[in-house]
Structure formats: C-alpha cells, structure tokens
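Heads up: the structure comes next, in structure tokens.
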Amino acid sequence: MDQKQSFARRDKLRAIEQSIQDQWAANQSFQSNPDERKKFFLTFPFPYANGRLHLGHSFSFSKCDFIARFKRLQGQNVLLPFAFHCTGMPISAAAKRLQRDLDLLQQGKELPKPSQYQSLLQMNIKEEEIPKFADPYHWIRFFPSLGKEDLISFGSSVDWRRSFITTDENPYFNSFIEWHLIKLKEAGYVKFGQRPSIFSTQDGQLCADHDRREGEGVNPQEYTLIKQRVLKPELIDAVLTGKNIFLVCATLRPETMYGQTNTFVLPEGEYGVFEMKNDEFFICSERSALNMAYQGLTKEDKKLNKIATVKGSQLIGMEIKAPLTQYEKVYVLPMPGIKMNKATGVVTSVPSDAPDDWATLRDLQKKPDFYQIKPEWADFKPIPIIDVPKYGDLAALTACDQFQIKSLKDKDLLQKAKEEVYKAGFYEGKMIIGKYKGMKVCDAKPLVRKDMIESGEALPYFEPENTVISRNGDECVVSYCDQWYITYDNQEWKERVKEHVKNNFETYNAKVKQELLDAVDWIREWGLSRSFGLGTKVPWDKQYLIESLSDSTIYFAYYTVAHYLQGDLNGTIPGLAGFTANQMTVPVYDYLFLGKDSEQVPAEMKQQLDIMRKEFLYYYPMNLRSSGKDLIKNHLIFALFNHAAVWKDQPELWPKGYFCNGYILVDGDKMAKSKGNFKTVEDMIKTYGADATRLGCAEAGDLLDDANYELKLADSGILKLTTLEMYIEKIFPVLQNYRTQAQSKNIEFFDHVFESQINYQAIQVIQNYEEMKFRDVAKNGFHVLQGYKDDYLLAVQAEGPNKNLILKYIEIQLTLMNPIVPHITEYCYQKYLYPFVKDQGYPETLTKFVLPNVGTYVYDANILRQYNYLQNLMSTLRVAIAKYKETLKKQKKPEVINKVSLVVAKDFADWQKEVLIYMNRQLIDNEPGFDFNTQIKTNKSKNMAAQLQFSNYIMGEYKQRGADAINPNPTLDEEAFLNNFTQYIITDLKIKEFAIIDSKEAQKSDVKPVQQAGNNAQPGKPCPLFE
1 MDQKQSFARR DKLRAIEQSI QDQWAANQSF QSNPDERKKF FLTFPFPYAN
51 GRLHLGHSFS FSKCDFIARF KRLQGQNVLL PFAFHCTGMP ISAAAKRLQR
101 DLDLLQQGKE LPKPSQYQSL LQMNIKEEEI PKFADPYHWI RFFPSLGKED
151 LISFGSSVDW RRSFITTDEN PYFNSFIEWH LIKLKEAGYV KFGQRPSIFS
201 TQDGQLCADH DRREGEGVNP QEYTLIKQRV LKPELIDAVL TGKNIFLVCA
251 TLRPETMYGQ TNTFVLPEGE YGVFEMKNDE FFICSERSAL NMAYQGLTKE
301 DKKLNKIATV KGSQLIGMEI KAPLTQYEKV YVLPMPGIKM NKATGVVTSV
351 PSDAPDDWAT LRDLQKKPDF YQIKPEWADF KPIPIIDVPK YGDLAALTAC
401 DQFQIKSLKD KDLLQKAKEE VYKAGFYEGK MIIGKYKGMK VCDAKPLVRK
451 DMIESGEALP YFEPENTVIS RNGDECVVSY CDQWYITYDN QEWKERVKEH
501 VKNNFETYNA KVKQELLDAV DWIREWGLSR SFGLGTKVPW DKQYLIESLS
551 DSTIYFAYYT VAHYLQGDLN GTIPGLAGFT ANQMTVPVYD YLFLGKDSEQ
601 VPAEMKQQLD IMRKEFLYYY PMNLRSSGKD LIKNHLIFAL FNHAAVWKDQ
651 PELWPKGYFC NGYILVDGDK MAKSKGNFKT VEDMIKTYGA DATRLGCAEA
701 GDLLDDANYE LKLADSGILK LTTLEMYIEK IFPVLQNYRT QAQSKNIEFF
751 DHVFESQINY QAIQVIQNYE EMKFRDVAKN GFHVLQGYKD DYLLAVQAEG
801 PNKNLILKYI EIQLTLMNPI VPHITEYCYQ KYLYPFVKDQ GYPETLTKFV
851 LPNVGTYVYD ANILRQYNYL QNLMSTLRVA IAKYKETLKK QKKPEVINKV
901 SLVVAKDFAD WQKEVLIYMN RQLIDNEPGF DFNTQIKTNK SKNMAAQLQF
951 SNYIMGEYKQ RGADAINPNP TLDEEAFLNN FTQYIITDLK IKEFAIIDSK
1001 EAQKSDVKPV QQAGNNAQPG KPCPLFE
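1 is the number of the first residue of the sequence shown in the UniProt record's numbering; add one for each residue after it.
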C-alpha cells in the first residue's frame, strides 16, 4: 500500500473535521449568552504561553470539552471560555537565555546544549524570527494565538470572545487583578515582611511553583539547628585549632535533645567547615550551609567561606558537647544511609525514642571492630525522656522488640516502627525530664525550642522539603525575603473553606476531596510578590510583581464579562461595553462584581455595568473546574480561599466542583523529546486527526492515577471512526426497504433484546458522563453498543434488521458519542440521519440537539437476562461441542454430532437453596455481622464441603450477574424458553435434533452419563449430552 493510500482514511477524517469546524465558526455555535435555560459554567486552568500546546494539555482539557458538549446535549446553556497565562518568570528567563545565545552566535562561539535558540527551532520558529523572542513580550504576542489555533483544530467548543492573556500587556485584565489584590488587602489577608521562601540563587529572586523545573508544591521546611561543640577540633584539622567549632544537626524534635547519646555522620560523606557569625564555625554539608547563608547565619550574607573540607570518617570518634543531655561528652559515630541532600548530613542520636538510632547504636555496640570504632565511644545507655502509654519510657527499644527488628537491614520494619513511635510519642507522650517535666510532648516542643534558641544552643533553620530546581537549572534554597504575602494560615478563613469543601462541593473522587481538605490544613502564608518576570504590579507597591499563582484564582469571574471589556486577546481594543481600561477602577469593579454602588461609579457607565453584572450573576458560580491533580495543593485550593475572601458573605458564588485527572504518559513513558514521545497538539492533529486523538484521550483514562495514552489507540481510532461512517453510508440508501415488524417469535425476541440493549446502554453512558468516566463512555457508547449491533444483525439474518431499531441505534451512537468525537458524528448526523428524520422535528445540527429525558430510555431487564442466558448457553455449547469432537478425533471416530440434549434443572437442591438464602442475608439484606461461609461451617451439615464449593462458585456468578445469581427461586422457565428456540439452536449449532430432559428424570436413568448430567445440572446451568 503506498503512502497516499495508507493515509486516505486519516485525510478523509481531517477534511470532515475542517468542514465541521468552519461550520461551527460560521454559526457561532459555542458562543453563550444568558437566556432562560439552566446554565453550566466550566473552566480549565489557562496554560502557560511559552510554547505550543502539547498532548498533556489536550488530554486534561478534553475532560472539560467532553462534559461541556454533554451538558449542551442535556439542553443546558454551557459557557466554556479559555485564556492564556503569561505571568511569571519562565518567559522572561527564556528571553534572557536567548539573548545570551544570540550574543554567543554574534561572537562566533558555540551554543550550550540544550540552548534556548535550539529549543525555538524545534518549535518550528523560523530562524529569522528567533531574535524577536529576546523580548519577553514577543512570546505573549506570539504563542497565545497558536494555542487558540491548536484548540480549534482539536475541536474545542470554546466561546473565544472571552479569551484573554494575563500581565500588564492586557490593561483590562491588569486592572481586574489590581482590584482583586486590593480586595484581599482591604480584608486584612495581605501583609508585608520577611518570610522564609523558596529562592533561586541564580535568578536572585523567589522561585514560585510555576517557575520550577522540579519540585512543584514543595515548601520551606522548618528545623531546629542544634549546635554541638567539638571539644578537640585540632584533632580534625590543624587549621581548626583554637576555633569555636560546632557540629550542627537539623532536627524536627528539639524536645528530644535530653536523650542524646551520640551524633551520627556518614563516613564517606563530604562535609565542610564554614565561617558563621559570632566567630563560630559549623561543620555540615555544603548544601545546607548555602541555605544558612541565605538565612543570615554566615559571617557574610549570601556568601560561604569554607575554611576546610573533611570526610565523615575524619569526624568519627570526636568528642562533642551536646546540649541538654546528662552526658558530659558524647562521641561522633558512623551511620550508613545518611542522606547528604537532606538537612545537614549530621544526625543527632536519641536511641530512647528513635528506632533508627537505637538499631544503629545497638549494632555499633555489638560490632565495634566491624565499624572500626572503639567500644567506649558507643558505650552509652539510652536515657528515658518521654513516657508513651503504649511503649513506656524507652519507646524505641520496646518498638524494636515488638517489630522483631534485628538490625539496620530490617528497613521496612524500621520505617513502620519509626512512624508509630513518632506519632505515639509526639501526640500521646509526656516529658519525664527537664524543665517541662509532666507536660505533653506536643506542648513542650515549641517551649524547648524557644529556650534553646534564646540560650544560643540552637538556631532556626529552613530548607526546601524536597529538591527544587528552577527553570534555569539551579537547586533552590530557602531565603528570608522581603515580600507581600497572603495569610492563608488565617484560621477563620480556613474554616469557611473547609466547611464549603465538606458540604457544598463535588469532586467526583473521594481522594480529591480529602486532598483538598488536607491542603486547607497544610497551607500557610504564601508570598504573592516577586521582583523579576512578567505580570501585574502590586497596585500599592509598584516595585513588585504579583506572582503567577496569585493572579489566577478568581479570573473565572472575569470570563463572564471579558467580551464586554476587551475586543481582542491582548486588550488592545475595547469590547462590547466600549469602556477604556482606565475607566475600570476599583469602585467600578466593586459595582460590577460586588453590587456596591458609590459616587465614584460614573452614571454613564451604569446601564452597561448593569447588563454585565446580570451576566456575571447568571453564570456564577462556576459549576466545574477540570484540572490536573498537580494543582490541588496550590491553584485549586487558592481559588477556594480567594472566592471565600472576595465574596465572603456569598458562599453561593464560590466554585461548586473540581474534577482532577492524573498526569499523562505516552506509550508508558513520561513525554520527552529525547524519548521521541513528546507530542504537541499540532503533531497529533496532523498525524491522527482531531476525533481519533480525542477518542484516545477518552480511552486513556480518567482516574487520579497517571493515564497512559497509547498512540496505537489514536491510530486504531482512525479505522474505527471511518468504519462507522462507512457503515452508516452503506445503510441509508437501503434502510427504507428494511422491515418494521417481525414474522417469527424468535426474530421478535431479538428485536426486543436489541431495543433494550440500546436503551440500557444509553442510560449507562449518560451516567458515565455525569460521573465524568469518559473511558466508560467510549466503552459503553462506542464499543459495546457496536458489539450489540453486530450480534443483532447476525441473530436476525433470516428476516433482516428492523428499520426503526437501526435508526435508533444510529441516533443513540451519534448523539451520545458526539461529545467525544464531535466532527464525524456531526457529519454523519447532517449527511445521513437528518434528511431521514427532519420531518419529525429534529434539529439540523447536533449542536442544537437535546437528548430526551433519561426516563424515556426504557429497557426490559427480564428479556436481557433471557438473552444473556441464551448467549452464555450457546457459547458453552460451542466450546463443549469442539471438545467433544476433539475426543471423537482422538478415538478415530467420525467427528459428527447429530443431536444435542440439554438436561435442565427447574429447582435448586435443598442444600443449595440453604446456601442461597444465607447469601441473600449477607449480600442483599446486609444483615449486620452475618457471613454466609461462617454460617455454613457452623451448621456442619453433611453437605458442608459441597456447600462451600457451591457458595464459592455462586459468588463468582453474583459478581457477574448480580442478585439474579443468588435467587433461590429461579425466575426463568428454561424448558419453555428453550423450546421456543429449538430451530435457532439447531441452525446455529448445525445439528439435526435438539431435545430437553428434566434433571429429575435424568437422575433416574440407567445410563451413567445421563444420570451424572441430572445430578450436575442446576437452574441457569443445564448440562449437555451429545449423540
């Protein structure tokens, strides 16, 4: 097959997609305006405009578009807007890197790898255009329009009139953000001061989530830095003679310092000796020292003076004075597995309450020669410092015994012991030593910390919870920074948000709700300002910019009126209202969004503002925000807090629900250019077309776990969709000749079955949409329904299909799959179905089609059970016949079966009924504390073994068939039912004769196989006999 032929199906789909998209644009199909209908307002987090949109964007956005199109099918007035985020540092940093690349090229030098210049070339930017991108504002004038093109080609149902970009490049949105921040400040939620913040030393400023290559969601972790004086520093290095040298440990549990017996280091670890304030020198990892430098601890701020480098092995055996412990001196000992990229690389040892410390100390005491230490260095007994109800006053020792921890190699057990002891000790334990003896540990901790800091024995210390890498590639530290910040730690504010999430909020997934509630508890102060990048300036302090997670929390409200304010993406021309950006003052926004009137609102603006406010109140609150799970702990929770601040007394205007999906993998791997699986939306549309790409998005999954987008799904989607179109094209010219009535009872039965299957699947698919389970939509609305159609056509070959049922099948498939694959379904509806049904009041396009009420989809559960029984029986018989013929072949007998007899049981045996009654008590009646298998064993019947085997078998049936499988009184008269299908069975199995034998009669037979079949048969499971 040549290349032209091989792409014929794809090219046909793309041609259809283009024609349908042109039609939508001409008809303004997705522009939403207030009317009498119920509204549904949903949004998607605006993507960052520093490049082309990729498959990850389209995967997450597809969930939004799927549900938007479904809600339109339900007759709702749907608003789905879209905008582009340009705020933050990445674009400015990229422009800065590009300027460096251009300077190198001008000097005739080689570019670094990777380079920003090369990155732009890979985005298909023309080489002569690249220098323009040294201006950061060129990026935000260039990429948003490409993003819009990508989403239009993807088939998005967006109201593009309301689209905009952020930053001061757009004066209208800029004024809205100024108003928003002023409202927060007026409410007392914004303050100024020095705060520990994640900081990029290379960029010289805060590194917020969106500025990070790695470590999104990571915050500063607060430690207490314990100073342990080295008693004989000259033994480490002569250069340390006469100096105040301290080993410093970063701990989360300063109240346990009473129990120190030693300090651990990593023998192969590299440590430095760094000059600090007050003529002190600290021994620690260089990474932690850099954090200290940015927290004002080093002699010269933000600079390190390392006077010596030492290996951990050089420190082992050193005498130190540890604060609070009863021992006059303790020793430095080795500990394998210390992480040098966490805390200081020096670990204080409290074996009484830390299982790791006790396990290590015990090993050292047992095997000093192995660890190359002197026995006396480890000869220290654990000190009782905390009484824990469950574990006593030496909790770590008790836990190690209980968990049977023998050595450091028992890592999993140690981790479990550590978690239990830490939790029990901190929340239930009481101090039994020191100044705060008798106090609960959790209450004593901050007091001990405060005392140690005031006495000079400790210092406050911060570092990132986990590694954070900025987009410029440097590992970030924690620095004290002057900044404006939002007080998300305000307890009253937290409680209002938590109440809303608990009682008035839809998340489609209990785990998402819990993560949101955890985020409410977790969130603390949040820096809103930075000094570098693009954005809106802090309105009362113009030297600072508002960071990217603080200008993106209530912009959903802006969507409702954006087209009135701005006439294009960048806000260079006024919108429908004709207002200039300068007219959009704080009092005007108060009037518009809060309903507050004042003399400062010009009278000539009020008529138009009233129209805009009415539109805002029509669409608000936002019904749904669809997002990736990575935004739960920042953007999504911030949005709830900010709505609870700006519309404090109007919780009815707060967001009503979030849907979150996991990250996307492509063919099982994270997207990466190096792996060849990095796909832009443009790539996907060119290669597979929009509908096949969208079908792949649906089939990839909807859970919070990461989804795997298999490119072969998009590829096979091309075949599936063109096959659907070809079937419909083939059917309609001959559909008028199809029958409307059945001639035989068998055919009539299959007609009823197919109608019930169509209606049942319609109900299932609608429920799948409501629950946002789009993989199930694709399965039930496309694959399962097509399978039913194929089975139906085979079953009614004798008379052919029913015209009305085929019409109904096509209508259901096209309408219910329209949100997933909107182009091909719209095309088939307009070209084939609509001309056939237009006289019945059908709309000319699916964008105007409204599904009937779900109650109109009526199915006969009994007839579906009968059909499933027949299908399962026929499948069982085909397999049994094949095996029987194989036996005949081995016996060298003719492989011919003339007659099939089915031994049918009308009732269960009494011992089987007993089991079924027990199962009903547990599974249907939900009888408290009742277990059917326990009851069977308690009875100790002579049939107990058979009953247990039977219950196990029936349980499997129950999982497949539901309550019908455990009904002790069969509802189907199998003999009468099968007699109606005698000819069907004979024809299908290609046999000459078919008979039914009652199981009770078979049990009386002298023929052993017949008798055995009589004993084995049970209701719903007849036994076959072949002749």
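Glycine included, C-beta positions come from ideal geometry on N, C-alpha and C. Predicted model only: the values in this text are computed from it and were never measured.
Between which two residues does the alpha helix (DSSP H) harbouring residue i extend?
i: Thr934; result: Phe932 to Asn939
i: Glu186; result: Pro171 to Glu186
i: Tyr117; result: Gln116 to Gln122
Could you check where the beta strand (DSSP E) with residue i kicks off and where it finishes?
i: Cys284; result: Glu280 to Cys284
i: Leu902; result: Lys899 to Val904
i: Gly39; result: This sequence places Lys at residue 39; Gly is not what is there. Per DSSP, Lys39 belongs to the beta strand (DSSP E) from Lys39 to Thr43.
i: Tyr485; result: Val477 to Thr487
Going by C-alpha to C-alpha distance, which of the options sits closest to residue i?
i: Gln600; options: Phe977, Gln607 and Gln583; result: Gln583
i: Pro45; options: Gly800, Glu725, His823 and Asp551; result: Asp551
i: Ile16; options: His823, Phe505, Asp412 and Asp705; result: His823
i: Pro1019; options: Lys1000, Tyr461 and Val1007; result: Lys1000
i: Thr256; options: Ser349, Lys494 and Leu636; result: Ser349
i: Asp705; options: Lys629, Lys720 and His54; result: Lys629
i: Glu234; options: Lys339, Gly701, Gln314 and Lys183; result: Gln314
i: Ala698; options: Val821, Val858, Ser744 and Asp401; result: Val821
i: Asn853; options: Gln767, Met772, Glu270 and Ser901; result: Gln767
i: Leu181; options: Ala645, Phe908 and Leu80; result: Ala645
i: Gln741; options: Pro733, His752 and Phe732; result: His752
i: Glu975; options: Ala778, Ile997 and Glu270; result: Ile997
i: Ala95; options: Leu120, Glu420 and Asn868; result: Leu120
i: Phe849; options: Glu811, Val879, Lys437 and Glu495; result: Glu811
Is it the case that the Cβ atoms of residue i and residue j are separated by a distance below 8 angstroms?
i: Lys277; j: Phe246; result: no
i: Thr536; j: Lys191; result: no
i: Pro351; j: Pro382; result: yes
i: Gly689; j: Arg14; result: yes
i: Pro90; j: Asp211; result: yes
i: Leu592; j: Met612; result: yes
i: Tyr544; j: Arg195; result: no
i: Gln76; j: Lys113; result: no
i: Gln122; j: Arg530; result: no
i: Val265; j: Ile338; result: yes
i: Glu615; j: Val561; result: yes
i: Cys481; j: Ser200; result: no
i: Cys828; j: Ile731; result: no
Quick one: Cα of residue i to Cα of residue j, how far?
i: Lys435; j: Gly88; result: 49 angstroms
i: Asp2; j: Ala714; result: Residue placement at Asp2 cannot be trusted, given a pLDDT of 38 that sits under 50; what the coordinates show is reported in the next sentence. When rounded, the distance between both Cα atoms is 21 angstroms.
i: His85; j: Ile125; result: 21 angstroms
i: Ile573; j: Gly567; result: 5 angstroms
i: Phe133; j: Phe66; result: 35 angstroms
i: Tyr327; j: Ile385; result: 13 angstroms
i: Leu499; j: Lys906; result: In the sequence as displayed, the identity of residue 499 is Glu instead of Leu. Each residue's alpha carbon lies about 57 angstroms from the other.
i: Lys430; j: Gln935; result: 47 angstroms
i: Gln5; j: Leu719; result: Low per-residue confidence applies at Gln5: pLDDT is 45, beneath 50, and the placement is therefore not dependable enough to give any value.
i: residue 1046; j: Arg37; result: This structure leaves residue 1046 out entirely; the chain is present only between 1 and 1027.
i: Leu948; j: Met919; result: 12 angstroms
i: Asn979; j: Glu515; result: 58 angstroms
i: Pro587; j: Pro602; result: 10 angstroms
i: Ser941; j: Ile954; result: 19 angstroms
i: residue 1029; j: Gly242; result: There is no way to answer for residue 1029, as the model of the chain reaches only from 1 to 1027.
For the ligand SAH, any of its heavy atoms closer than 7 angstroms to the Cβ of residue i?
i: Gln743; result: Although the ligand SAH was asked about, the structure shown includes no ligands whatsoever.
Quiz item: Are three or more beta carbon pairs between the stretch 603 to 612 and the stretch 575 to 589 nearer than 8 angstroms?
Solution: yes
Quiz item: Can at least three beta-carbon pairs, one atom from the stretch 758 to 770 and one from the stretch 781 to 788, be found at a separation below 8 angstroms?
Solution: yes
Quiz prompt | Three-pair Cβ contact test at 8 angstroms for the stretch 439 to 458 versus the stretch 132 to 149 | solution = no
Quiz prompt | At least three beta-carbon pairs within less than 8 angstroms, the stretch 803 to 820 to the stretch 49 to 59 | solution = no
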